[in-house]
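Peer 1: No gaps in the numbering here: position 24 of the sequence shown is 33 in the numbering used here, and each next residue is one more.
Every residue, glycine too, gets a C-beta built ideally from N, C-alpha and C.
Note that the structure is predicted; figures quoted are calculated from it, not measured.
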Amino acid sequence: MSGVHNIVILTGAGVSAESGIDTFRDGGGLWEQHRVEDVATPEAFVRDPDLVHRFYDARRAAIQTKQPNAAHAALARLDAHWPGELLIVTQNVDDLHERAGAKRLIHMHGEHLNAWCTVCDRRSPWTGTLIDRPACPACGMVGYLRPDVVWFGEMPYRMDDIYRAINRADLFVSIGTSGAVYPAAGFVREARQAGARTLELNMEPSQGSYWFDEARQGPATQLVPQWVD
Ligand code: BJW
């Protein structure tokens with residue numbers, strides 16, 4: 010990686026697939042099992058909160074039984090040893106990057122293991138269920154906690170920090186994401202305009218594959234360690 014000082018890495022569901030966590034848009038993925046409009050919009054939560062809580066309670070329980078894989082581990086090694094600026098921007102709501110040891114990390118679509126109180130606006134660590142309408146640990150109000158995830162139509166988190174890093178990047182790497190969801194799908198264009206080299210590591214060419222200088226196909230547990238080491 011000669012001449013590279015500042016790296017931004019975007020990750021998606023494909024990075025966690027080999028840990029046994031379902032992706033969204035692959036055959037058998039989450040959006041084949043549930044309609045997006047029923048579980049991943051603010052309107053769905055207003056219409057049928059029990060359905061939404063069941064969907065997220067089940068996934069919150071499942072991720073706690075999964076382990077980081079070789080791709081998460083390789084990115085954590087890179088984070089630990091890279092002397093320049095580095096930012097891992099994950100769309101994933103699981104905690105496998107941090108359990109592998111990554112530190113320079115932003116969860117732009119939120120985190121399963123947080124609950125967000127819609128009354129006091131505080132986030133609290135959460136490993137249990139939300140369907141039973143528990144009290145907010147911060148303000149004590151009962152029945153107002155929701156999953157701390159970003160649904161369609163909501164603003165992803167820390168966009169200013171992300172765009173600042175992309176605009177300083179010499180290298181932008183996208184791993185395990187279909188490129189179907191904005192604004193993350195537009196990061197590669199932003200990075201190119203800022204002069205970064207762009208690399209995609211994914212099982213198949215993503216929807217925006219043609220924007221990348223180089224695209225390698227294969228499983229993340231092979232491609233990511235090969236790239237890092
Ligand atoms: C492997 C592998 C292996 C498999 N190894 N690879 C029309 C045009 C443009 C935009 C819009 C539009 N209409 C509406 C919008 C906006 C909308 C949007 O993008 N919609 C599209 C569907 C068109 N976006 C939003 O609403 C966002 N907010 C927003 O835009 O606010 C305004 C704004 C504007 C400008 C700047 C800033 C803000 C919010 C989006 C929220 C997305 N939320 C979800 C759910 C999170 C909670 C939860 O988990 O339930 O986030 S949806 C879901 O998709 C989840 C993911 O993070 C996200 C991306 O999915 P990802 O990670 O790419 O997974 P997959 O399954 O799609 O792909 C996996 C890939 O891995 C595949 O390619 C496989 O081949 C590969 N793979 N195994 C390597 N082993």
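Going straight from the alpha carbon of Leu232 to that of Arg225, what length do you get?
Peer 2: Taking the first residue of the sequence shown as 1, we reach residue 232 at position 223. Taking the first residue of the sequence shown as 1, we reach residue 225 at position 216. Whole-angstrom Cα-Cα distance: 8 Å.
Peer 1: Tell me which same chain residues have a C-beta within less than 7 Å of the C-beta of His62, skipping the five on either side of it?
Peer 2: Reading the sequence shown from its first residue, position 53 is the one you call residue 62. Excluding positions up to five away in sequence, the list reads Leu139, Ile140.
Peer 1: Report the rounded CA-to-CA distance for Ile171 versus Val159, giving the unit in angstroms.
Peer 2: Position 162 of the sequence shown, counting from 1, holds the residue named residue 171. Position 150 of the sequence shown, counting from 1, holds the residue named residue 159. Looking at the two C-alpha atoms, the distance is approximately 16 Å.
Peer 1: Measure the alpha-carbon distance for Leu267 versus Gln202 and round it to whole angstroms.
Peer 2: Only positions 10 to 238 of the chain appear in this structure, which leaves residue 267 out of reach.
Peer 1: Just to confirm, are Phe221 and Val197 a CB contact at a threshold of 8 Å?
Peer 2: In the sequence shown, the residue the question calls residue 221 occupies position 212. In the sequence shown, the residue the question calls residue 197 occupies position 188. In this structure, Val197 lies closer than 8 Å to Phe221 by Cβ.
Peer 1: Under 7 Å: does the beta carbon of Trp135 sit that close to some heavy atom of ligand 1?
Peer 2: Within the sequence shown, residue 135 is the residue found at index 126, counting from 1. Not under cutoff, so the answer is no.
Peer 1: Give a yes or no on whether the C-beta atoms belonging to Ala85 and Gly110 are separated by under 8 Å.
Peer 2: The sequence position of residue 85 within the sequence shown is 76, counting from 1. The sequence position of residue 110 within the sequence shown is 101, counting from 1. Closer than 8 Å, so yes.
Peer 1: So does Ala82 have its beta carbon nearer than 7 Å to some heavy atom of ligand 1?
Peer 2: One-based indexing of the sequence shown puts residue 82 at position 73. Incorrect: Ala82 has no Cβ contact closer than 7 Å to ligand 1.
Peer 1: If you draw a straight line from the C-alpha of Ala147 to the C-alpha of Asp59, how long is it?
Peer 2: As a first step, residue 147 must be located in the sequence shown, where it is residue number 138. As a first step, residue 59 must be located in the sequence shown, where it is residue number 50. Computed Cα separation, rounded: 23 Å.
Peer 1: Taking just the CA atoms, how far does Arg167 sit from His121?
Peer 2: Residue mapping note: residue 121 aligns to position 112 of the sequence shown, counting from 1. Residue mapping note: residue 167 aligns to position 158 of the sequence shown, counting from 1. Looking at the two C-alpha atoms, the distance is approximately 17 Å.
Peer 1: Less than 7 Å separating the Cβ of Asn211 from some heavy atom of ligand 1?
Peer 2: Here residue 211 is taken as the residue at index 202 of the sequence shown, counted from 1. Under cutoff, so the answer is yes.
Peer 1: Below 7 Å, is the gap between the Cβ of Glu199 and the nearest heavy atom of ligand 1?
Peer 2: Working through the sequence shown from its first residue, we reach residue 199 at position 190. Glu199 Cβ: outside cutoff for every heavy atom of ligand 1.
Peer 1: Just tell me which of Tyr219, Asp103, Pro234, Thr99 has its CA closest to the CA of Pro192.
Peer 2: Stepping through the sequence shown from its first residue, residue 192 is reached at position 183. Cα-wise, what sits closest to Pro192 is Thr99.
Peer 1: List the whole-angstrom C-beta distance separating Ser25 from Asn123, where the pair is believed to meet the contact cut-off of C-beta under 8 Å.
Peer 2: Stepping through the sequence shown from its first residue, residue 25 is reached at position 16. Stepping through the sequence shown from its first residue, residue 123 is reached at position 114. Wrong, their Cβ atoms sit about 17 Å apart, outside the cutoff.
Peer 1: Pick out whichever of Gly137, Cys145, Arg177, Gly152 has its Cα sitting closest to the Cα of Phe54.
Peer 2: Position 45 of the sequence shown holds residue 54. Comparing Cα positions, the closest option is Gly152.
Peer 1: Can you check which of these residues, Ile97, Asn176, Arg108, is closest to Ser183 by C-alpha distance?
Peer 2: Here residue 183 refers to the residue found at position 174 when the sequence shown is read from its first residue. Selected option, being the one with the closest Cα: Ile97.
Peer 1: Within 8 Å, do at least three Cβ pairs link the stretch 75-82 to the stretch 26-39?
Peer 2: Touching, yes, given that three or more Cβ pairs across the two stretches are closer than 8 Å.
Peer 1: Does DSSP classify Glu213 as helix, strand or coil?
Peer 2: Reading the sequence shown from its first residue, position 204 is the one you call residue 213. In the structure shown, Glu213 sits in coil (DSSP, three-state: anything other than H, G, I, E or B).
Peer 1: I need the DSSP call for His121, collapsed to helix, strand or coil.
Peer 2: Along the sequence shown, read from residue 1 onward, the residue named residue 121 stands at position 112. DSSP places His121 in strand when its eight states are reduced to three.
Peer 1: How far does the alpha helix (DSSP H) with Phe54 in it reach, from first residue to last?
Peer 2: Position 45 of the sequence shown holds residue 54. First-last of the alpha helix (DSSP H) with Phe54: 51-56.
Peer 1: Just list the alpha helix (DSSP H) runs in the stretch 18-95, keeping only unbroken ones of 4 residues or longer that don't cross its boundaries, in chain order.
Peer 2: Here the runs fully enclosed are 22-26, 39-42, 45-48, 51-56, 58-72, 79-90.
Peer 1: If we ignore side chains and look at the alpha-carbon of each, how far apart do Glu223 and Val13 end up?
Peer 2: Translated into the one-based positions of the sequence shown, residue 223 becomes position 214. Translated into the one-based positions of the sequence shown, residue 13 becomes position 4. Roughly 16 Å separates the two Cα atoms.
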